[in-house]
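If you're matching positions, the sequence shown starts at 763 in the working numbering and goes up one per residue.
Cβ coordinates follow ideal geometry from the N, Cα and C atoms, glycine included.
Quick caveat, the model's predicted, so the values are computed rather than measured.
Presented below is the structure to which this report refers.
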Amino acid sequence: MEVNSVMSSYQVAANNTANANGASNELDSNQFMQILLAQLTHQNPLEPMDNAEMMSQFSQLNSLQELRGINTSMETVSATSQTAYLSSLIGKMVKASRADGKIIEGVVEGVVTEVDNPQILIGDERVDLTNVLEIKGE
Numbered sequence: 763m764e765v766n767s768v769m770s771s772y773q774v775a776a777n778n779t780a781n782a783n784g785a786s787n788e789l790d791s792n793q794f795m796q797i798l799l800a801q802l803t804h805q806n807p808l809e810p811m812d813n814a815e816m817m818s819q820f821s822q823l824n825s826l827q828e829l830r831g832i833n834t835s836m837e838t839v840s841a842t843s844q845t846a847y848l849s850s851l852i853g854k855m856v857k858a859s860r861a862d863g864k865i866i867e868g869v870v871e872g873v874v875t876e877v878d879n880p881q882i883l884i885g886d887e888r889v890d891l892t893n894v895l896e897i898k899g900e
C-alpha cells in the first residue's frame, strides 16, 4: 500500500500565500484563522489542542495586528517628519552631488515629496535628499 505525504495546513496556506502575493511570507488574520480552523477540524480527537496553546495563538495574532498598526503609524510619522525637515531647507544654500557625479550648489527653491524619493529643487534640477553634501544658512 502506498502512502502519500500530507502537508500541514500551515504549509498549504503559506504556499498559497506565496503564490498569490509573489513569494510573500506574511499571513493576514483571515489566513491565520483558516489555518487554526483546519487544525481544529483535523486534530486527533484523542489528543485535542490544548486551550492554553489555542489562546497563545490568538494572542500572537492580536500582537501581530497591533504591531502592524504601530508600523503603519510610525511610517506616517516618519513621512511627516521628513516633509517638515525638507520644508526647513527652503531658502538655504546647499551643495549636492548629481547622478552624473558633478557637484551642484544653489539655494533650495522647493521640495518634492515622492513616496520613496524625497527631493529638493535647486533651480530647475531635482536632487535626492541622500545626495546633499552640505547645508549652509541663508
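In or out: residue i buried (at least 16 other Cβ within 10 Å) or exposed?
i, result
"Met-769", "Any reading at Met-769 needs caution, since the residue's pLDDT is 44, under 50, leaving its predicted position unreliable; the model's value is listed next. It counts as exposed."
"Val-877", "exposed"
"Val-839", "exposed"
"Leu-895", "exposed"
"Ile-832", "exposed"
"Ile-865", "exposed"
"Ala-858", "buried"
How many whole angstroms separate the CB atoms of residue i and residue j, which I take to be in contact at a CB cut-off of 8 Å?
i, j, result
"Ile-884", "Leu-851", "That pair is no contact at about 10 Å."
"Met-836", "Lys-898", "With 8 Å as the limit, Met-836 and Lys-898 do not qualify as a contact, their Cβ atoms being about 31 Å apart."
"Arg-888", "Val-869", "Not quite, the Cβ-Cβ distance comes to about 14 Å (not below 8 Å), so this is no contact."
According to DSSP, is residue i helix, strand or coil?
i, result
"Ile-852", "coil"
"Ala-841", "helix"
"Leu-823", "helix"
"Gly-863", "coil"
"Arg-802", "The sequence given here has Leu at residue 802, not Arg. If DSSP states are grouped into helix, strand and coil, Leu-802 belongs with the helices."
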